[in-house]
Amino acid sequence: MSCGGTSLEHAETIPEQPAGEETAVRRPRDGRRTVLLIAGAVVLGVLAGTVTGYAIQYDREPTPLPPLAQQKIDQPKPQAPDESTSARTINAGRWHKTDDVLTKLLIEAPPGVEVRYSGSQSPDEFSADFYKEPGGGLTSQIGHGVRRIAMLDWAQDDRNFVTVRLFQYRDRSGADWYQHAHSYLEKKEYAGNPGKDLPGVPAGFGHLWVDSEQREKPGYLPTKSVRAVARRGDIVMEIEYVNNRGVVDENEVVEIAKRQWERL
1 MSCGGTSLEH
11 AETIPEQPAG
21 EETAVRRPRD
31 GRRTVLLIAG
41 AVVLGVLAGT
51 VTGYAIQYDR
61 EPTPLPPLAQ
71 QKIDQPKPQA
81 PDESTSARTI
91 NAGRWHKTDD
101 VLTKLLIEAP
111 PGVEVRYSGS
121 QSPDEFSADF
131 YKEPGGGLTS
141 QIGHGVRRIA
151 MLDWAQDDRN
161 FVTVRLFQYR
171 DRSGADWYQH
181 AHSYLEKKEY
191 AGNPGKDLPG
201 VPAGFGHLWV
211 DSEQREKPGY
221 LPTKSVRAVA
231 RRGDIVMEIE
241 YVNNRGVVDE
251 NEVVEIAKRQ
261 WERL
């Protein structure tokens, strides 16, 4: 039987979906696997090329370097030591001015004064001259690595007596020890006060003590003193200023200290 020219017999039969089953959907393949395979192939290719390159270079003769523009470089010939040879000439490349004679770093005495001493001083001489217990003082100095001591001493008008000392230690720790070894000056029998920063010197590197009172002894003129201490590197400078009329000029001591600090 036909209807409208179309035969139902020739119509395409669509199979029915069995009950309880879902239509299977085909998912596209994941592309990450392909990327990993390509990356692995690239790495293997680079390694293979590197190994091949090394193998080729290993069998080749070394390529000679181009010749130097100057085949022979003139160098000074070694010379035997003579009377002009010194530690400075041997170590010229490593020489520092503090390695020279320490007395060269002392300031010059003012004109018109009486220079009583100028030169080096051994640690035992200093200890005998400075400490109440010289043996203990010498032990402390040697234990902290004192190397050299330079001293300049002058008198002015038989009233002002000035001593400038430079102490050089093996390293900065020894110099730091001596810089801070003057706390005893706070006691009444010495300066009698904690002192203050030394003008002209960076804070923490210098200190100044001026006696709070005159020192008096029966049969002696009254005295008053000033002490200035400062450290620069492994060197400590110490200035003692004593007046035997009981009057001190603090500005004069500060000026001496500034000159010595700049000299270092």
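Residues 1 to 264 in UniProt numbering are what the sequence shown lists, from first letter to last. Ideal Cβ placement from N, Cα and C applies to all residues, glycine included.
(message) Taking the straight line between their C-alpha atoms, what separation do you get for K132 and S225?
(response) 18 Å
(request) Look up E178 in the DSSP assignment and give the residues it is bridged to. (result) According to the sequence shown, residue 178 is Tyr rather than Glu. Answer is none; Y178 lacks a bridge partner.
(message) If I measure Cβ to Cβ from S212 and keep anything under 7 Å in the same chain, skipping five residues before and after, which residues do I get?
(response) A191, G192, N193
(request) Indicate whether D153 and Y117 have their beta-carbon atoms separated by less than 8 Å. (result) yes
(message) Please state the DSSP three-state secondary structure of R147.
(response) strand
(request) Compute the Euclidean distance between the alpha carbons of R259 and V164, then round it to the nearest angstrom. (result) 11 Å
(request) Would you kindly report the start and end of the unbroken alpha helix (DSSP H) that includes Q260? (result) 250-263
(request) Give every residue of the same chain whose Cβ lies closer than 7 Å to the Cβ of N243, excluding the five residues on either side of it in the sequence, and list them in chain order. (result) R159, N160, T223, K224
(message) Can you tell me whether A80 is helix, strand or coil according to DSSP?
(response) coil
(message) If contacts are defined as beta-carbon pairs under 8 Å, then V115 and A109 qualify, I think. What distance do you get, rounded to the angstrom?
(response) 5 Å
(message) Are the CB atoms of W209 and G195 within a distance shorter than 8 Å?
(response) yes
(message) Please report the straight-line C-alpha distance between E189 and E262, rounded to a whole angstrom.
(response) 32 Å
(message) Quick check on E238: buried or exposed, where buried means 16 or more other Cβ atoms within 10 Å of its Cβ?
(response) buried
(message) What does the alpha-carbon distance come out to for the pair L65 and P76?
(response) 27 Å
(message) On the DSSP letters alone, give me the boundaries of the beta strand (DSSP E) that S127 sits inside.
(response) Per DSSP, S127 belongs to no beta strand (DSSP E); it is in the alpha helix (DSSP H), 123-130.
(message) On the criterion of 16 or more Cβ atoms from any shown chain inside 10 Å, does I235 qualify as buried, or is it exposed?
(response) buried
(message) Taking the straight line between their C-alpha atoms, what separation do you get for Q179 and A150?
(response) 16 Å
(request) Consider the Cβ of G204: report whether some Cβ of chain D lies at a distance smaller than 8 Å. (result) This model lacks chain D altogether, as it is built from one protein chain only.
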